[in-house]
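Data first, discussion second: the structure below is written as structure tokens.
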Amino acid sequence: MTGQPALDRITLRGLRARGFHGVLAAERELGQEFSADVVLHVATREAAAGDDLTATVNYAEVAKDVVAVLAGPPLDLIETVAARIAEQALRRPRVAAVDVTVHKPQAPVPVPFTDVTVHVHRRRGDVGGPAAPYDVVLALGANLGDPRESLAAALTELDRHPRVDVTAVSPLLRSAAVVRPGARAQPDYLNAVALLRTTLPPRELLALCQGVELGHGRVRDEQWGPRPLDLDLVAADDLTWQDPDLTLPHPRAHERGFVLAPWARVAPHAVLPGHGPVAELAARAGEPGEWLTDDWWEAGG
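Taking the numbering used here, the leading residue of the sequence shown gets 2, the next gets one more, and so forth.
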């Protein structure tokens, strides 16, 4: 009689980072230390028999994912922080289930206490979301560090998310940086457009992208400034969305050749809601730069 292999446990305790999660203004402004314990439920017999890292989970990479969530975009609830960590862990194909405990020892509790914790248990297949997936157009750019490596790494991080699939990627485009009049010159950008299939709500997808940006050193302190990584949600099917943090379709996509040209390459028949066929918009915008390579990212890389 055969069945699924028995699951073992890999435990990471005391992963720490300063974060800005919480509903109070002081928590968002001053921040505090958060920590997390993560238990990965994994079948390890194959790895043990062959002494083979590829047959198990690289817990150092999991640890980096956990810290990125703890230090990432602010969330109101540590329940959400714990759920995000669980989602990140379940990106790893060999993780069948995960337990996450998030600690908030400096929580604003008005009586003496030691710690506040939230514990979640998630199994592969438990992650909820909209009933139907939808398609998203994502614009990527970078002009600091190693832009090609940063863009490829960002796509890989997004593609590993259990509720995000990268379905197509444009060629790489080198384009001149757009700067304010009188501003200092910047290095050229590398740009691309990727098509995503996701069940994450738009705000959650935005938070995921911002977390990836943060992990690559993005600091939002200068509009039109140089960037190690820039991820912009351009459109999501025919969805219209507008709030202080996110507008869909992107309000300036129709005039950005460095977005339109790669989009037209990866989806020749695409339409930008409210503006028309993307290929026509790209033609009117003119050639935005120099095409570099088609083969620069591979799924599962």
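Ideal Cβ placement from N, Cα and C applies to all residues, glycine included.
Item	Value
C-alpha gap between W278 and G20, whole angstroms	The sequence given here has Pro at residue 278, not Trp. Their Cα atoms are separated by approximately 42 Å.
Nearest-angstrom Cβ-Cβ length linking V272 and H251, presumed shorter than 8 Å	So it is not a contact: roughly 14 Å between Cβ atoms.
Stretch-stretch touch, CB-based, cutoff 8 Å, three pairs: the stretch 251 to 271 with the stretch 169 to 177	yes
Cα-Cα separation between E214 and V260, rounded to whole angstroms	18 Å
Euclidean distance between Cα positions of A195 and H276	20 Å
Own chain residues within Cβ distance below 8 Å of A300, not counting five before or after	D160 and V167
Beta-carbon proximity of A155 to L230, cut-off 7 Å	yes
Cβ neighbour criterion (16 or more within 10 Å) applied to H22	buried
Beta carbon of P274 nearer than 7 Å to that of D239	yes
N192 - partner residues in DSSP beta bridges	G142 and L174
Sub-7 Å separation of R124 and A108 beta-carbons	no
Which residues DSSP lists as bridging W242, in chain order	L249
Endpoints, alpha helix (DSSP H) assigned at V24	From DSSP, V24 is part of no alpha helix (DSSP H); its letter is neither H nor E.
Short Cβ contact (7 Å threshold) for V119 with V96	no
Cβ separation of A72 and V101, assumed to be a contact under 8 Å, to the nearest whole Å	Between V101 and A72 the Cβ distance is about 16 Å, and since that is not below 8 Å, they are no contact.
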